Amino acid sequence: MCSDQASKDTIGKAYTREEALQLDGSDCLRHLRPEFIIPTKDDLRRKTLSSQSTSTEFQEEFCVYLCGNSLGLQPRRSAGHVSDYMKAWATKGVLGHFKAHQDSTIPPFVNIDDVAAQQMAPIVGALVSEVAVMETLSANLHLMMASFYRPTEKRYKIILEGKAFPSDHYAVESQIRHHGLDPERAMILMEPLDSDQATITTSQVMATIDQHALTTALILLPGIQYYTGQYFDIRTITAHAHSHGITIGWDLAHAVGNVELQLHDWDVDFAVWCSYKYLNCGPGAIGGLFVHDKHSQVDREAIGNGHEGYRPRLSGWWGGDKATRFQMGSHFVPIPGAAGFQVGNPCALAICPLLASLEIFAIASMPAVRSKSIMMTNYLEELLQRSTSTATQDGMEELYWIITPRSTAERGAQLSIRLQPGLLEGVMMELEEQGVVVDERKPDVVRVAPAPLYNTFSEVWDFVAIFDLACRKAKSKKTNNSQGSGLLGGTEDKGWSLIK
Ligand SMILES: Cc1ncc(COP(=O)(O)O)c(C=O)c1O
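Residues 29 to 528 in the numbering used here are what the sequence shown lists, from first letter to last.
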């Protein structure tokens, strides 16, 4: 299934589980699933970490994990990298900073951030010098705004979404206050124009930029919106912001490792991301940032003549020139590039799982990841749609609908599904019972994200079967509770429409 057209034709007809298994058989990335530890249903159920204490019928059965948009699964090789870190520290002490070891999977600690940046650059479409691996997304966002949000009397506004991820909202609000400005005036919050839609169109973003063109200092948007799964048109919006002389930064939490980014070519000013979602590096994993090369040059001559010679920033010694870093001087000269925005020593331990994960991405390549991702998400959409349309043809109500854009160019792996009010709790309980892991956003949205590195088409098939039934069960229960008796029109008995 390496050709897109062939896959579209096959996917369109793969309505049975056997056909889903056939799709798995021709999946170009199937050799990478064993790189990951997939929890079994038993793993999820038992109350201990160790598997020795219980043994149930589910011991061998893998769960259906479609939650890589929240926390990606653990690559097998990450434990080896972490263990080598522990060994290097244990056996070499401070020498581990500088000495390479033949049998180690990780580089010396002093270079580990550079190696990670090198491997990260192709994933975001950046020059190596434009990437730094450091801190967390929120901390990086503050560091970037400290450098890129320089409000003046005329240009002081920041445009963002009304429903931005809360951390982004707080960061923007606090930066505005930090400059002694009023968030009421300086924050321009975009809300969806159509109350039935949760998404914000490119034309709306452009119109908002036009409206505030002369007074806006910065725009902050998500590459992929965490709630709706909408993939913003980064290239077009960035070009439009620049046509008005406005700086633009992107929160790529849900885009990195998910879609093919070309941050350098798209002329993005800066971007920040975390590594625990599609990058599979573990809870709270070290984050990353991109600074376009045009913003990170260091003019040594100007510095020599008493001028600043580089973009202002909040500085720390790890952003300082490597050649002089250990001379312990008090005159800061940044490393040219994104590395010059680092502040303190990056946590080498935190970089180990990142290196492990990036090795897998290097084997897979982002074009192949995206290509499979498009197929899987289209497949998920197709099965969900078929399921609801079969149900409505049978005279049943529509219990859920997809709020993520339908065009593949406007979404990544994730589909956000809105349920009829009052069903979420029942549906999530049933999914848990069946060993299906997705995530919820109250009051009524379920986010589902097949991750191409480890998920299979048959898991997508299983998910839709279980989910559809869970929705009907929850609806039936809700109706029974409100009516006091009887099942609603036998919805539960009809089971899952795709099985027919
Ligand atoms: C879209 C988005 N932005 C920002 C964050 C905050 O990231 P962190 O807690 O790593 O700073 C998250 C975390 O999930 C996120 O999803």
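Virtual Cβ for every residue (Gly too), placed ideally from N, Cα, C. Values in this document were obtained by computation on a predicted structure and should not be read as measured data.
Discussion item. Once DSSP output is grouped into helix, strand and coil, what is the label at Asp490?
Written reply: helix
Worksheet entry | Assumed close pair Gly337, Gln370 - CB separation to whole angstroms, cut-off 8 Å | Not really, about 18 Å apart at Cβ, beyond 8 Å.
Worksheet item: Relative to ligand 1, is the shortest distance from any of its heavy atoms to the C-beta of Thr275 smaller than 7 Å?
Response: no
Item to complete: Classify Gly208 as buried or exposed, calling it buried when 16 or more other Cβ atoms lie within 10 Å of its own Cβ.
Response: exposed
Worksheet item: Under 7 Å from any heavy atom of ligand 1, does the C-beta of Phe369 make it?
Response: no
Worksheet item: Which of the three DSSP states, helix, strand or coil, is assigned to Arg328?
Response: helix
Item to complete: Would you decide whether Met114 is buried or exposed? Buried here means 16 or more other CB atoms lie within 10 Å of its CB.
Response: exposed
Worksheet item: Got a sec? Which residues, its chain only, sit under 8 Å from Ala245 by beta carbon, not counting five neighbours each side?
Response: Tyr177, Arg178, Pro179, Thr180, Arg183, Tyr184, Lys185, Ile186, Ile274, Thr275
Discussion item. For Lys41, which residues in the same chain have their Cβ closer than 8 Å to its Cβ, ignoring the five residues on either side in sequence?
Written reply: Glu47
Item to complete: Taking His125 as the reference, give the member of Gln258, Asn373, Pro364 with the closest Cα.
Response: Asn373
Worksheet item: Taking the runs of the beta strand (DSSP E) that are 3 residues or longer, which of them lie wholly in the region 269–293?
Response: 275–279
Practice prompt. Flag this pair as touching only if the region 196–212 and the region 312–321 have three or more C-beta atom pairs under 8 Å; answer yes or no.
Written response: no
Worksheet item: Can you find a CB in chain C that lies within less than 8 Å of the CB of Glu201?
Response: Within the model displayed, chain C is absent; a lone protein chain is all it includes.
Worksheet item: Could you give the distance in angstroms between the alpha-carbon of Ala226 and the alpha-carbon of Pro194?
Response: 16 Å
Practice prompt. Return yes when at least one heavy atom of ligand 1 lies under 7 Å from the C-beta of Ala281, else no.
Written response: yes
Discussion item. Suppose only complete runs of 3+ residues qualify. What are the beta strand (DSSP E) ranges in the region 162–241, listed by chain order?
Written reply: 185–189, 215–218
Discussion item. Just to confirm the assignment, what range does the alpha helix (DSSP H) spanning Tyr428 have?
Written reply: Tyr428 -> not in any alpha helix (DSSP H); beta strand (DSSP E) instead, spanning 428–430.
Discussion item. Can you tell me whether Ala20 is helix, strand or coil according to DSSP?
Written reply: As displayed, the chain neither begins before 29 nor continues past 528, which places residue 20 out of reach and without an answer.
Worksheet item: What residue from Ala144, Thr229, Gly108 has the CA that sits closest to Ser132's CA?
Response: Gly108
Discussion item. Taking the alpha carbon of Val476 as the reference point, which residue from Tyr482, Arg469, Gln462, Gln442 has its own alpha carbon closest?
Written reply: Gln442
Worksheet item: Mind checking whether Ala299 and Gly334 have CB atoms under 8 Å apart?
Response: no
Discussion item. Among the candidates Thr264, Gln102, Ile140, His268, whose CA atom is the shortest distance from the CA of Ile379?
Written reply: Ile140
Worksheet item: Cβ of Asp196 within 7 Å of any heavy atom in ligand 1?
Response: yes
Worksheet item: Taking buried to mean at least 16 other C-beta atoms within 10 Å of its own C-beta, is Ser202 buried or exposed?
Response: exposed
Worksheet item: Would the region 167–176 and the region 287–305 be scored as touching if the rule is three or more Cβ pairs under 8 Å?
Response: yes
Discussion item. Can you determine whether any heavy atom of ligand 1 sits closer than 7 Å to the C-beta of Pro311, and answer yes or no?
Written reply: no
Item to complete: Report the residue from Pro364, Ser343, Phe318 whose alpha carbon sits nearest the alpha carbon of Ser358.
Response: Ser343
Discussion item. Could you pull the DSSP bridge partners for Gln258 from this structure?
Written reply: Arg439
Fill in: Of the listed residues Glu329, Gly454, Phe90, Met162, nearest to Asn470 (C-alpha basis)
In the sequence under discussion, the amino acid at residue 470 is Lys, which differs from the Asn named in the question. For the residues Glu329, Gly454, Phe90, Met162, the minimum Cα distance to Lys470 belongs to Gly454.
Worksheet item: alpha helix (DSSP H) containing Val152: first to last residue?
Response: 140–152
Discussion item. So for Tyr93, helix, strand or coil by DSSP?
Written reply: strand
Worksheet item: Mapping DSSP to helix, strand and coil, what is Arg353?
Response: helix
Worksheet item: What does a CB cutoff of less than 6 Å around Gln511 pick up in its chain, not counting 5 residues either side in sequence?
Response: none
Practice prompt. Taking the CB atoms as reference points, tell me whether His272 and Ile237 lie closer together than 8 Å.
Written response: yes
Discussion item. Measuring straight from C-alpha to C-alpha, what distance separates Ala255 and Ala366?
Written reply: In the sequence as displayed, the identity of residue 255 is Tyr instead of Ala. Straight-line Cα distance between these residues: approximately 29 Å.
Discussion item. Rounded to whole angstroms, what is the Cα-Cα separation between Leu386 and Ala167?
Written reply: 22 Å
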